[in-house]
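First residue of the sequence shown: 20, per the numbering used here; consecutive thereafter.
Everything below concerns the one structure shown next.
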Amino acid sequence: MSRSKMPLTRRAAMSLLAGAAGAALAPASTSSAQDYPSRAVKILVPFQPAGPNDIVTRLIVPKLSENLGKTFFVENQGGAGGNLGMGAVARATPDGLTLVSVSSTFVINPSLYKSCPYDPVKDFAPITIAAESPHVYFVHPSVPATSMKELIELIKQNPGKYSYASPGAGTPAHLSTERLKLTYGLEFTHIPFRGAGPAVQSVLGGHTPVGCATIPPVYGLIKGGQLRPLVVTSFERFATIAEVPTISEAGIKDQEGTTFMAFLAPAGTPKPIIDFLYAEIARVVKSNETKERFTELGFNAVVNTPAEFAKQIEVEVAMWAKVIRDANIERM
């Protein structure tokens, strides 16, 4: 499929966000939400413990409690790709006492699932993104490609021969690679696994020649020379594997993408509470301690305002819906 059929790209998304920045609302002062929180605040993670969202959330939440002298706690409610937990928060009382920590599946699932219990635009009040993790494309050492352009040419010259491993159907790594396939007209078979660990091990064992995943599960194997990294999908190089070029530096344009971790509240939560939470989460994320810890774990510490995040949600919902539709990905 030609590039002209994929007009809505991550770069386009970032351009729209930049345009929104001028209209973004300034963070509220503590005094504007002086009675908040009146009770303990639950931050629901809609996935099982020890995943990326859980890790990021459990690094931030204790600092919120410490800084504010109030109780913030994490509760895990996994199931249905995060839909159960996200749907529960969509129906929660909009008083700021129930929040949710989401990943990029939040903007993907409404198009991926036949029945999704929430509307990502209407049912939530965005607070902020807190972290992003770029994807890395990597190959088994036996693959005769040392750059992303070489890999694309190799796949083109051998239609149907090569396959790639992802952490699962509908994950950002899967959809990002399907977008790449659409752009370059590649016959490149998807092999989904139940998580990044098994996907990485399949490439390491030579069972699947190519893989796409976030940095943490593949970092040690890249540093040890057991797997060959080709590119990271962020706009800038990642500090702990700075020798790996960005996908744009490798000559592959408009294919940037990351998995984000972010916070939302139910729609209707008072604006002073949203602005207060944004300011306090941003204070934690921007601290040197948090930045350093995130980098060690394979995340970039980033924040955006509630207005910017709202625009990003709209853009990414449309972008991934188009990929799912154009790639004929079966709905779950």
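Yeah, the Cβ is synthetic: ideal placement off N, Cα and C, and Gly gets one too.
| task | Identify, in the order they occur along the chain, each residue of the same chain with its Cβ nearer than 6 Å to the Cβ of proline 113, setting aside the five sequence neighbours on each side. | result | Pro285, Gly287, Thr288
| query | Between the beta-carbon of isoleucine 62 and the beta-carbon of alanine 281, is there less than 8 Å? | reply | no
| query | Below 8 Å, can you find three or more Cβ-Cβ pairs linking the segment 53 to 69 to the segment 108 to 126? | reply | yes
| query | Going by the CB atoms, is the gap between proline 163 and threonine 252 shorter than 8 Å? | reply | no
| In its own chain, which residues sit with a C-beta less than 8 Å from the C-beta of glycine 100, not counting the 5 before and 5 after it? | Thr124, Asn128, Leu131, Tyr132, Gly189, Met351
| message | Just verifying my parser: in three-state terms, what is the DSSP assignment at threonine 117? | response | strand
| In the DSSP assignment, what residue or residues form a beta bridge with glycine 230? | Phe157, Ala184
| message | Please state the DSSP three-state secondary structure of glutamate 327. | response | helix
| request: Grab me the residues of isoleucine 300's own chain with a C-beta within less than 8 Å of its C-beta, minus the 5 sequence neighbours each way, in chain order. | output: Ile79, Leu83, Ile146, Thr147, Ala149, Phe282, Val322
| field | Reference isoleucine 293, options Glu275, Val303, Gly225, Ala326, closest by Cα | value | Ala326
| Taking the continuous alpha helix (DSSP H) assigned at alanine 215, which residues delimit it? | 215 to 223
| message | Between which residues of its own chain and leucine 103 is the CB-CB distance below 8 Å, once the five residues before and five after are set aside? | response | Pro65, Gln96, Gly97, Pro136
| task | Pull up the distance between the alpha-carbon of alanine 45 and that of proline 291, whole angstroms please. | result | Only weak support exists for where alanine 45 lies, its pLDDT of 41 falling under 50; the coordinates are left without a value.
| said: I'd like the list of long-range same chain contacts for alanine 43, defined as Cβ closer than 6 Å, with 5 residues on each side in sequence excluded. | reply: Reliability of the predicted coordinates at alanine 43 is poor, the pLDDT of 42 falling under 50, and the value obtained from them is presented with this limitation in mind. Same-chain partners within the cutoff: Thr324, Ala326, Glu327.
| query | In this structure, does DSSP put isoleucine 210 in helix, strand or coil? | reply | strand
| query | Who are lysine 61's beta bridge partners in DSSP? | reply | Phe92, Thr117
| query | Within this structure, are the beta carbons of proline 236 and glycine 216 separated by less than 8 Å? | reply | yes
| valine 108 and valine 158: beta carbons closer than 8 Å? | no
| task | Report all residues from its chain with a CB closer than 8 Å to the CB of glutamate 151; omit the five preceding and five following residues, and keep chain order. | result | Ser253, Thr277, Thr278, Phe279, Met280, Phe318, Asn319, Val321
| message | Once DSSP output is grouped into helix, strand and coil, what is the label at phenylalanine 279? | response | strand
| lysine 89 versus threonine 259: straight-line alpha-carbon distance, rounded | 35 Å
| message | Assuming contact is defined by CB atoms lying nearer than 8 Å, are valine 140 and valine 342 in contact in what I supplied? | response | no
| The beta strand (DSSP E) with leucine 249 in it runs from where to where? | 247 to 251
| For glycine 187, which of Ile210, Gln176, Lys180 has the nearest alpha-carbon? | Ile210
| task | If I'm right that tyrosine 55 touches phenylalanine 207 with Cβ under 8 Å, what's the distance once you round it to whole angstroms? | result | Going by Cβ atoms, the distance from tyrosine 55 to phenylalanine 207 rounds to 50 Å, so no, they are not a contact pair.
| request: Classify alanine 298 as helix, strand or coil using the three-state DSSP reduction. | output: helix
| query | What's the call for alanine 144, buried or exposed, on a 16-neighbour Cβ count within 10 Å? | reply | buried
| What residues in its chain sit with their C-beta under 8 Å from that of arginine 302, if we drop five residues either side in the sequence? | Asn86
| query | When DSSP builds the beta bridges, which residues end up paired with isoleucine 171? | reply | Per DSSP, none; premise fails for isoleucine 171.
| request: Excluding the 5 residues preceding and the 5 following alanine 218 in the sequence, name in chain order all residues of the same chain whose CB lies nearer than 7 Å to its CB. | output: Ala184, Ser185, Pro186, Phe212, Gly230, Ala232
| query | Mapping DSSP to helix, strand and coil, what is proline 178? | reply | coil
| field | N-terminal and C-terminal residue of the alpha helix (DSSP H) that methionine 105 is part of | value | 102 to 109
| query | Once you ignore the five residues that flank alanine 340 on each side, which residues in its own chain have a CB closer than 6 Å to its CB? | reply | Ser130
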